Every structure is written in structure tokens, then in C-alpha cells.
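Engineer: Okay, handing you the structure first.
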Amino acid sequence: MSLKVPKAQNIQLFKDGYKHLSGLEDAVLRNIQAVAELSDLVRTSFGPNGRNKLVINHLGRLFVTSDAATIIREIEVVHPAAKLLVMASQAQEAEMGDATNSVLILAGEMLKKAENLLIMGLHPSEIIKGYELASVKALSELESLSTSSLPSPLTKASLAAALKPAIASKQYGYEDQLAGLVAEASLAVMPSNPKNFNVDNVRVVKIMGGNLSGSTVVRGMVFGREPEGIVKKVKKAKVAVFTTALDIAQTETKGTVLLKNAEEMLNFTRGEEKQLEKMFQEIADSGVKVIVAGSAVGELAMHYLNRLGIAVLKVLSKFDLRRLCRVVNATPLARVGAPTAEEAGFVDVFETIEIGGDRVTVLRQLVEGDAEYDAAGGSEKTRTATIVLRGATQNRLDDLERAVDDGVNVIKALIKDPRLVPGAGATELELAKRVEAYGNGLKGLSQHAVKRWAQALEVVPRTLAENALGGAEGNEVVSRLYAKHEGPEGAVWGVDVEAEKDGTLSATEHQILDSLAAKQWAIKLATEAATSVLSVDAIIMSRPAGGPKIPQQAGNWDED
Amino acid sequence: MQRGLPMQPTVVLLKEGTDTSQGKPQLLSNISACLAIAETLASTLGPRGMDKLIVNERGEAQITNDGATILKLLDIVHPAARTLVDIARAQDAEVGDGTTSVVLLAARLLKEVRNYIEEGVSPHIIMKGFRKASELAIEHIKSVQITVDKSDPEQFRSLLLKCASTSMSSKLIHSEKPFFSNMVVEAVQCLDEEDLNENLIGVKKVPGGGMQDSLLVRGVAFKKTFTYAGAEQQPKSFRNPLILSLNVELELKAEKDNAEVRVEHVSDYQAIVDAEWEIIYRKLEAIEKTGAKVVLSKLPIGDLATQWFADRDIFCAGRVPADDLQRVVQAVGGSIQSTCSDIKREHLGTCGFFEEKQIGGERYNLFTECTKAKTCTLVLRGGAEQFIEEVERSLHDAIMVVKRAVKNGDIVAGGGAIELDIASRIRQHALSIPGKLQMVMIAFAKALEVIPRQICDNAGLDSTDIMNKLRVKHANGEKWYGVDVDGPEGIRNNLDAFVWEPSLVKVNAINSATEAACLILSVDETVRAPQSEAQNPGPRAPPGTAQRALRGRGRGMPRR
Numbered sequence: 001m002s003l004k005v006p007k008a009q010n011i012q013l014f015k016d017g018y019k020h021l022s023g024l025e026d027a028v029l030r031n032i033q034a035v036a037e038l039s040d041l042v043r044t045s046f047g048p049n050g051r052n053k054l055v056i057n058h059l060g061r062l063f064v065t066s067d068a069a070t071i072i073r074e075i076e077v078v079h080p081a082a083k084l085l086v087m088a089s090q091a092q093e094a095e096m097g098d099a100t101n102s103v104l105i106l107a108g109e110m111l112k113k114a115e116n117l118l119i120m121g122l123h124p125s126e127i128i129k130g131y132e133l134a135s136v137k138a139l140s141e142l143e144s145l146s147t148s149s150l151p152s153p154l155t156k157a158s159l160a161a162a163l164k165p166a167i168a169s170k171q172y173g174y175e176d177q178l179a180g181l182v183a184e185a186s187l188a189v190m191p192s193n194p195k196n197f198n199v200d201n202v203r204v205v206k207i208m209g210g211n212l213s214g215s216t217v218v219r220g221m222v223f224g225r226e227p228e229g230i231v232k233k234v235k236k237a238k239v240a241v242f243t244t245a246l247d248i249a250q251t252e253t254k255g256t257v258l259l260k261n262a263e264e265m266l267n268f269t270r271g272e273e274k275q276l277e278k279m280f281q282e283i284a285d286s287g288v289k290v291i292v293a294g295s296a297v298g299e300l301a302m303h304y305l306n307r308l309g310i311a312v313l314k315v316l317s318k319f320d321l322r323r324l325c326r327v328v329n330a331t332p333l334a335r336v337g338a339p340t341a342e343e344a345g346f347v348d349v350f351e352t353i354e355i356g357g358d359r360v361t362v363l364r365q366l367v368e369g370d371a372e373y374d375a376a377g378g379s380e381k382t383r384t385a386t387i388v389l390r391g392a393t394q395n396r397l398d399d400l401e402r403a404v405d406d407g408v409n410v411i412k413a414l415i416k417d418p419r420l421v422p423g424a425g426a427t428e429l430e431l432a433k434r435v436e437a438y439g440n441g442l443k444g445l446s447q448h449a450v451k452r453w454a455q456a457l458e459v460v461p462r463t464l465a466e467n468a469l470g471g472a473e474g475n476e477v478v479s480r481l482y483a484k485h486e487g488p489e490g491a492v493w494g495v496d497v498e499a500e501k502d503g504t505l506s507a508t509e510h511q512i513l514d515s516l517a518a519k520q521w522a523i524k525l526a527t528e529a530a531t532s533v534l535s536v537d538a539i540i541m542s543r544p545a546g547g548p549k550i551p552q553q554a555g556n557w558d559e560d
Numbered sequence: 001m002q003r004g005l006p007m008q009p010t011v012v013l014l015k016e017g018t019d020t021s022q023g024k025p026q027l028l029s030n031i032s033a034c035l036a037i038a039e040t041l042a043s044t045l046g047p048r049g050m051d052k053l054i055v056n057e058r059g060e061a062q063i064t065n066d067g068a069t070i071l072k073l074l075d076i077v078h079p080a081a082r083t084l085v086d087i088a089r090a091q092d093a094e095v096g097d098g099t100t101s102v103v104l105l106a107a108r109l110l111k112e113v114r115n116y117i118e119e120g121v122s123p124h125i126i127m128k129g130f131r132k133a134s135e136l137a138i139e140h141i142k143s144v145q146i147t148v149d150k151s152d153p154e155q156f157r158s159l160l161l162k163c164a165s166t167s168m169s170s171k172l173i174h175s176e177k178p179f180f181s182n183m184v185v186e187a188v189q190c191l192d193e194e195d196l197n198e199n200l201i202g203v204k205k206v207p208g209g210g211m212q213d214s215l216l217v218r219g220v221a222f223k224k225t226f227t228y229a230g231a232e233q234q235p236k237s238f239r240n241p242l243i244l245s246l247n248v249e250l251e252l253k254a255e256k257d258n259a260e261v262r263v264e265h266v267s268d269y270q271a272i273v274d275a276e277w278e279i280i281y282r283k284l285e286a287i288e289k290t291g292a293k294v295v296l297s298k299l300p301i302g303d304l305a306t307q308w309f310a311d312r313d314i315f316c317a318g319r320v321p322a323d324d325l326q327r328v329v330q331a332v333g334g335s336i337q338s339t340c341s342d343i344k345r346e347h348l349g350t351c352g353f354f355e356e357k358q359i360g361g362e363r364y365n366l367f368t369e370c371t372k373a374k375t376c377t378l379v380l381r382g383g384a385e386q387f388i389e390e391v392e393r394s395l396h397d398a399i400m401v402v403k404r405a406v407k408n409g410d411i412v413a414g415g416g417a418i419e420l421d422i423a424s425r426i427r428q429h430a431l432s433i434p435g436k437l438q439m440v441m442i443a444f445a446k447a448l449e450v451i452p453r454q455i456c457d458n459a460g461l462d463s464t465d466i467m468n469k470l471r472v473k474h475a476n477g478e479k480w481y482g483v484d485v486d487g488p489e490g491i492r493n494n495l496d497a498f499v500w501e502p503s504l505v506k507v508n509a510i511n512s513a514t515e516a517a518c519l520i521l522s523v524d525e526t527v528r529a530p531q532s533e534a535q536n537p538g539p540r541a542p543p544g545t546a547q548r549a550l551r552g553r554g555r556g557m558p559r560r
């Protein structure tokens, strides 16, 4: 243990109220303790049998989820070292959108293992060096572990199979249905060059009531409001999208209309009406049957639109308007007037239907196989698909949505890098085995750190087993897995969360495959977070400034 | 957790004031909170269920026995118990009836497995068992449900009548069941068969009279609007009038807000005044020319216009509420006009008979014998405000039930018969499977029995006795035997006794209840972040009711 020299009293370096913690005891070990606490918090939520957490955030909103990214965002971690981990996991969310929990658990476990070495007297910099060596070795070994890759061209079945493990870790028991939905929606919007796949093109609409089996994929968009006018249903229609209000143009500058005599006054209204009528008549003449307005629709305008039999839908969100343009392939117009042929979009079906108790408006494009599909009809291929989720409670719908988001992100990651590795903890265990062997061959103090790092990787299969089979089983299963991995073709053995036999199974045989890229990033980010926590030797916290609290902006998390 | 360290001051990981609790005690406390809620609701179930009187913070009293309404009024804050409020709401939106059953069922499911949780059975196994059992239950409903032949309108109508009266039997209006069920079925049959938008059934409440004085208007009725002098000279009844619906203000007023008149001579001034009169006269003449005999407007119709119409034997009403006017258009045809110029015959509607009539203390405008009647209005009478409101809620439930029955004519017997039958089916199946799942499925079966049991308890019958009798019947394959609250036997064949319910109500209730129970079981930790600002703590819970819910709020074991 490091020796502490008594400090001279009364030497004031900092202003009053500053906290200064330094040295192994005060800074490093306490940081590790905080990080360990954080990783313990989310550990029980890991894997298919992870438990949910009920989180009430500072605004009183309720979350029931096992998604680590959501949990740590809502519980507001304040400890500076633990925040480093949170950032690492957020980086993973941004990069891969999945495996955020792995990052937290891995980094937490690495630091716990480092604790013992520190107490034994190893210097943090030696541990950092060893961890870095181990991580480089592991990443190079990981490349060789890939057993298969996503087949191309993509099919619904192959995509669904690749999605299943990711979704199973969020919604175990519903992964077949959800994976099918996500795969169908993603394929519907898959561009001819899959590299350009945009996660924003898969939308989710949550409607309370019913249950998951009532969920569907709509090739287009769903809006939770009814059309404004009396026309509620149109088929095979030209669409014009306006970002402005549909009304008499108002001057921005303040102005008054000057009337000189009675005659002018009499004709004033009539002139206005004539003008509007002409405007909409022109639009109707160009063949437009559906108008989407980005702002208010005037009553007089509505009157003429009803007369002309044009359906009007108000979409107030600019983002939704943009997406809608992608569905119907229209150009949003900033002025009211007849669109040109290129500016107008086309939609196969515009209808108002009742889902549960809600009346929603659906704009969708037909595809081959639909009843009224007409191959020669010149339908547009939709570039946005919507998954309509059904569920009994709002919390459940939110959780389902998070699972869908993860699934879509996995597709994106897999398109970038189609390599797959065995899941269910098999890859981590194999890496642990190989890094351990590598560590044994190293000279010098860093070999201890390398071996500890290898042991830290075991946490993934162990946690899977603990969550699924109860606390005592974790070590048993891990040792059984080590035995299996010694054998030929052993690298694919992972944890069997159903525990039909001894808690182990062949991951490839059961089609439990994870994205290689996600694992790569998880290991990289976890090691980086762990080493940066270790490299801290002093914490200096300034006194929080007084004054009124700045009100926190509660932005909508769904905003982009 | 074992740390190789001497005692350390606690590490602050989360923001100050964050409250976390985890483990079994937390789960058990969540369960007890849900049970407390269910206990409040239990006494309202069934034909002999009691009502609740709830006084809100403004001192307004509400009497109801609708589960969703009670839960909404109770303002529940416990996070786990809020789940139950959600499923009641979802059931209300999805099928509109069975809100009490779904809450009772969810709570009972939790109660039945509480012992298993205490004994250490993993919640995952319980959830798996529940899901399996609910699948089995739904399959069973699908296999036994009776599809009614829609081709025979007489028979179909009698089916709807039975469904409506079953839904009403548990409500305040059960004494007038035949009267109201007739009314509800007729109301629903007025609607467009394709769409069945229940918003087109208007409900008007007129205090006074008895509930037998309630009436169904096959068309539209709305309260006489505020009228100016001259209205009394207008004729109050028409045969086959033309009806014009406007969105125009018929009053002397400025044509445009920012218009300004500048005159140079005094004589011009008079010309301007004349012009203003001219404008309104032109409008009125245009209206007269259309031949309309009834003029309705969303906006005010002033003195001048009222008198002018009276002189020409035209009836007018201004400031008609928007939804009423919408329904008038639905009923009589035509469309709402936002301008007086260019009104053609096809924009006008017509109905067989129009009159203004005294109902109770109010005058009502009634449109009957409508040509395009796809809408109708229920005029409810009753002694007290609260009473009428409860009647409205009960009728809403019944309307929803009938609507579901029209959409898919599958029915099952009510009065606990179907629940018991599912229970016996699940028991049978459970005995054929090994392992812990067997216990969970039996618990599910037992939980289903809460519905008949509670009906008995509320009716003052000996539930144990009757349940035994019923179990015998069901074991012998008499699948439609359920509770009879009237007869001396206590049991009867509810299919023959015409206690019928749409099977959709049951399917949705079982689905939602299972999902909610699983959601609560899946939580292993509650984290409550401090509220960002102390808003006013919300309305005080009504005495006695919500307090009981709050009592189950022990936060379990505090973390460290």
C-alpha cells in the first residue's frame, strides 16, 4: 500500500470548498468502486433473461426497460469516473446502436480485476500497458473467429435470423415476431445499394391496446390524425406537398387595404374568393387528389378543397413532412400553386382506418403480392416504412420501440460489416482463452495485467448464465465452457439460457450470431474507458457555483 | 460485494436524492400495490357490483362502476400500479368493456404467483408459463366461440341485443336493460356498416324526467342555440326542408380586419354604410335563392339576419357546435359552406322532418327521417347529473360491445362461464407437462377463476359452494355453465340464458392482463430520480381509496 506522508497543515492551495482527492486509496480505488457499482446496476439487465428496471426520471416519467443505454441516461450518474463509462457506452450507442450493456459490464469488470493488482502494488501505468496489449491481441484474434457472414442479396429470412439475438436480449420470447417485423420493414426501404441504408427510414408508431401479434408493417407512413376535409379515402392519387399554410396570402409587413368607395368594398370579398377558387382549381386541374399541408388550412381553402374532392392531411412536424416526401416522392413546395409533374408525388392508397380505438391516416404504396397491385401502374417504391406496434401499456410500447430501434441499428451495422461471430458468450470465452495463452508467453509485469484482462472477458458468459440460471450456476457454466472450448470446433460453444442440458450449446447450430463489428467496438471502447479511469490519480472538484438553478431543457428524446 | 478494502466513506454514484430499491422485497411490494388497486375495484364487478362515489379536488362528485373511470379518477402515483391503469385504458380504447375484469385478472395473476416468488422461483419461468398459458387460453376461446350467422337480420339483431344487455347488467341501468339495449342496438345499426365510427352517435344529456324518458333520435338533435329577436316568428317545423350548413357569420361586420375606408364627402359616407348593408343582404338573398328552409351556421347569425329569415319563413340557428353541425351534414347530406356565393343544390341536405321540440326543460332542434342517416343521437334523461353521466358511460360500454359484435360476430357465454372453461382446459394441459411450468400454469388457471368467484361474492352468494358446483359441470363438458345471480341454484347454462359477450373482449382482456403481469414481474429494480422541481404535489388522493394503494408502497431493501 502506498505510503502517505502527512501533509503540512494550513497550506491552502485552492479556494475554499474545493475537494482534492489524490493517491491510490482516495482516487483510483474509489473510482473503481463507483464504476463497479454502476456496472453491477446494469449487470442484471444483460442478456435474454436480463431483468427489467423500473426507472422514474427527474420529470416523473416511467420507464420499464432492460436497455442499458436508456437506464443510464435516465438515472443521471454524477460520479465523474462512472461518467467516463457512461460516455463509452453512449459512444457505442452512437456507433453501433447495440451492445451498450456489454461495454459497461466489460469496463466494470476490467476495473474490478485491476483493483486486486493495484492492491498488490502494481503501478496503474503497468496495468494500462498490459490492458492495451491484451486488447490489441484480442482484436486481432477476433478477426479470425468469424464463422459466417450475412448472405447477399438480403432476404427476409436471413435478416431476421441475424436480428434475432439482438432483439432476444431486449424482448425475450417475442424475438421471432419482432425480428420478422424489423426485417420486413428494413427490406421494404432497402436501397439498391444497401450501403446507403438509413435507419431513419424505419419509423415506429405506437398504438395502445391489443398485443404484439397485432403489429404490422406499413409500406409508407401512419399519422395519428384524421384528414381535415370530408374526403377520407383516395386510391392511386397524385400528391402535392406544401410547407406553407393553405390560405389567402397574408402580408408580412403591416399593411391596410385602402377602400375608396362603396363599389370597391362590395367586391372585396368576392375578389378574395375568386382568387382562392382559381388557385385550387388549377391544382385540381393538374390531377392532384391529395394535398399535404405543413401548416394551418384556412376555412375558405378547406371549403374549396372539399368541393373539388381533394383530400387534405395536415402534418405539422417538419421531420415527418420530409419523410412523407420520401414516401410519395414529392418535392415540398413553399408556395401554394399547381405542382409540376416532377414536383408532384404519387401514392397508391390514402385511407383512414381504425386501429384499436385510434383513427389514423395511412399513406402507403402497394407492392407485388398485394390484392390491387398493378405492375404497370407506375407505383413509387416507398422509401419509408412504418412499424405499427401494439401493446397493452405505454411502457411496454416504449420498450418494444427500443428493441426495434436496436434491431434496425444492427441491420445498419451488418450492412457495413457483414461478418458474424458466434454469440451467447462463445466469442468472449474463446478470446479470453486465447489472450490468457498470449499472456502466459509474455515477459515482465504486464503479463499479470494481460491475464486479468482475459479473465474480465469471462464476465459476459458468466453474467448470461447467472441471469438465466441463478447465481451459483455462473462459474459452473463458465468452467464447462472452458472444457468444451478445448475440444475441436470448440470456439462456437456458448451459454444456453434455456438450460435444457448442462447450460451450454453450440451457438452456430442454434443460429445465435452477433455482429463482429459490434463486439470489436465494445472491446475497444470498454478498454479505453477502463484505462482512462485507471490513469486518473487525483480528482479535483471545484465547489458548485451558487445562484439559481438553470432549468433543464427537457428535449424530446425522439427528436432528430 | 466483497472488496479487499477497509471501510470507505460511501461513494456517491447517483444524484443526491435518488432512491433505488431492488431484489425480491421490491418485487413483492410492487405486487402488493397492484393487489391494493384490484381490491378497490373488486366490489364493482358483476351484475350485483356496487358503485363508487368519488369526489375530486374541486368537490365534484362522480358515481360510477366503470373500472377505467374509477382508475382514472383515483390518480394513482405508484409506478407499478400505474401499469394497471394503463391496461384498463387500453382495454377501454380497444374494446370499450371489461375494464374491471382486466385489472382484476392482472392483479390475481400476480397474487397467485407471489408465493412462488417468495420461494425463489425465477420470474422468467413464471413469465414463460404465463405466456404459454395465455396462448392456450386464446386458442381455447377461438375453438369454442360461437359464430353467429349474420345473414338472418332478425337473428343477428337478437344476438346484438343479448350482448348489449350482458354488458349493461353490471351497470346502474340494469333495471331498464331491455329498453336501453334496444336503444343501443338501434343506434349502432344506424351507423355505416363499413366504418362504425362511434363518434357519430351523439349523446345529449337533459336532467329531469326518468330514465325511461330517454329517447333515440334517428338523425341529429342538438340544443336550441342562442337566438336573437325574430327567432320566435320563425316556423318551427318543416316537412322535407332543404338544409344549408354554413361556416359564415351573418352579421354586420368589417369585411377584413386591416381594411380602411377613406371618404371625401359626406354623401360617400352614406354610400359606404349602404354598401355594408348591401353585402349582408346579398349574402342573405343568395341563401334564399338556394331554396333552403333551414339555415345552420357554426358562427353567429345576428339580429338582422334572424329577422330577415323570419320574414321569409326560414328557420335559422347560429353558433351550432362544430361536432353537431358535422353530424347534421352526415345525416342530411350536403356539405359545410364557407361562402355564400355559388351554392348549388348538391351542397344542400334534406331530411324528412325537422322540428323544434321541448324535451324536459330544454328546447331541442331535431332532424329526423334523414335520407343519408349514418348517425343518430341518444337523448338521455334522468334525475341527477351524476346519474345521467353514469348512464352515458354505461351506454358507451354497451355501444362498444355491440360495435365489436357487429364487426366480428363471435361470442362466448359470460357470467364467468368462459373463464371457468379456459381454467379447466389449462389445468388439463398443465398436468401433461413436467417441471415448474406446471405450477405456473395451474396458478394461471386459478387466477382466471377470480371472475366467477368475485361475481358470486358481490352477489352475496357462497362462492366456494358455487365454484365447486361449476367445476363439476365443466369437468363433465358442460362448457357454458356460469354464475346465476338471480336463480336459487346459483348456476345455469349462460348460453341458454343469453348472457353473451363478444369473444374479442375476453381475448383482449387475457392478453392485456398477461402482458401487464409479465411487465411487473420482469422488474428487478426501481430507481427513482429526484424530481427536477417540486411541482405542486398533485391533487390529494380521495380518502380511503387511494391511500390503500399508497400503503403498498414500501420501497423494499435500500441499496447499500
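For the protein sequence lines, the chains are A and B, in the order given. Taking UniProt numbering, the leading residue of the first sequence gets 1, the next gets one more, and so forth. Taking UniProt numbering, the leading residue of the second sequence gets 1, the next gets one more, and so forth. Just so you know, even glycine gets a beta-carbon here, dropped at the ideal spot from N, CA and C. Computed from a predicted structure; not experimentally measured.
When you check each C-beta in the region 114 to 134 of chain B against every C-beta of chain A, which residues fall closer than 8 Å?
Structural biologist: Ser122, Pro123, His124, Met127, Lys128, Arg131
Engineer: Taking the beta strand (DSSP E) that A:Met541 falls in, what are its first and last residues?
Structural biologist: That run of the beta strand (DSSP E) goes 538 to 541.
Engineer: My output table needs one value for B:Arg381: the three-state DSSP class, helix, strand or coil.
Structural biologist: strand
Engineer: Return no unless some Cβ of chain B is closer than 8 Å to the Cβ of A:Ile310.
Structural biologist: By this cut-off, A:Ile310 is not an interface position.
Engineer: Tell me the start and end of each unbroken beta strand (DSSP E) in the region 189 to 242 of chain B that is at least 3 residues and wholly inside, in chain order.
Structural biologist: 201 to 207, 215 to 217, 220 to 223, 237 to 239
Engineer: Since B:Glu260 sits in a beta bridge, which residues does DSSP pair it with?
Structural biologist: A:Leu258
Engineer: Can you tell me which of the three DSSP states A:Glu343 falls into?
Structural biologist: coil
Engineer: Work out the CA separation of A:Gln520 and A:Val136 for me, nearest whole Å.
Structural biologist: The straight-line gap from Cα to Cα measures roughly 11 Å.
Engineer: Report, in whole angstroms, the separation of the C-beta atoms of B:Ala497 and B:Ser424, which I expect to be a contact under 8 Å.
Structural biologist: The Cβ separation is near 20 Å, so there is no contact.
Engineer: Skipping 5 residues on each side, what residues in its chain have a beta carbon closer than 6 Å to that of A:Lys83?
Structural biologist: Apart from the 5 residues on each side of it in sequence, A:Lys83 sits with its Cβ closer than 6 Å to the Cβ of Val77 in its chain, given in chain order.
Engineer: Anything in chain D within Cβ reach of B:Ser245, meaning under 7 Å, just list it in chain order.
Structural biologist: The displayed structure is made up of protein chains A and B, and chain D is not among them.
Engineer: If you follow the beta strand (DSSP E) that A:Asn49 is in, where does it begin and where does it stop?
Structural biologist: Per DSSP, A:Asn49 belongs to no beta strand (DSSP E) and is neither H nor E.
Engineer: Let me know if B:Lys150 comes out buried or exposed under the rule of 16 or more other beta-carbons within 10 Å of its beta-carbon.
Structural biologist: exposed
Engineer: So, at 6 Å on beta carbons, what are the nonlocal neighbours of A:Asp98 in its own chain, with the 5 sequence-adjacent residues on each side left out?
Structural biologist: The answer, listed in chain order, is Ala166, Asp406, Asn409, Val410, Ala518.
Engineer: Among A:Ala69, A:Gly50, A:His79, A:Ser186, which residue has its Cα nearest to the Cα of residue 584 of chain A?
Structural biologist: Residue 584 of chain A lies beyond the stretch modelled for chain A, which goes from 1 to 560, so this question has no answer here.
Engineer: Where B:Val217 and B:Glu355 are concerned, what is the direct C-alpha to C-alpha distance, given to the nearest angstrom?
Structural biologist: 12 Å
Engineer: Quick one: what's B:Asp410 bridged to in DSSP?
Structural biologist: B:Thr147
Engineer: Could you tell me the distance, in whole angstroms, from the CA atom of B:Val329 to the CA atom of B:Gly349?
Structural biologist: 7 Å
Engineer: What in chain A is Cβ-close to B:Arg528, meaning under 7 Å?
Structural biologist: Ile56
Engineer: Roughly how many angstroms separate the alpha carbons of residue 582 of chain A and B:Ala81, rounded to a whole number?
Structural biologist: In the structure as shown, chain A starts at 1 and stops at 560, and residue 582 of chain A therefore has no counterpart that could be examined.
Engineer: Measure the beta-carbon distance from residue 562 of chain A to A:Ala385 and round it to whole angstroms, keeping in mind my assumption that it falls under 8 Å.
Structural biologist: With chain A covering only 1 through 560, there is no way to say anything about residue 562 of chain A.
Engineer: Given A:Lys233, which residues of its chain have a CB within under 6 Å of its CB, disregarding the five upstream and five downstream residues?
Structural biologist: Glu351
Engineer: Report the option in B:Leu380, B:Tyr228, B:Ser512 whose CA atom is closest to the CA atom of A:Gly214.
Structural biologist: Comparing Cα positions, the closest option is B:Ser512.
Engineer: Candidates A:Asp67, A:Ser102, A:Gly47, A:Ile72: which alpha carbon is nearest A:His58's?
Structural biologist: A:Ile72
Engineer: For residue 561 of chain A, name the three-state secondary structure that DSSP assigns.
Structural biologist: As displayed, chain A neither begins before 1 nor continues past 560, which places residue 561 of chain A out of reach and without an answer.
Engineer: Of all Cβ atoms in chain A, is any one closer than 8 Å to the Cβ of B:Ile399?
Structural biologist: Among the residues facing chain A, B:Ile399 is not included, as its CB has no counterpart in that chain under 8 Å away.
Engineer: Is it buried or exposed, A:Thr340, if we count other Cβ atoms within 10 angstroms and call 16 or more buried?
Structural biologist: exposed
Engineer: Span of the alpha helix (DSSP H) holding A:Lys164?
Structural biologist: Taken as a continuous stretch (DSSP letters only), the alpha helix (DSSP H) holding A:Lys164 covers 156 to 168.
Engineer: Tell me the DSSP secondary structure of B:Trp308 in three-state form.
Structural biologist: helix
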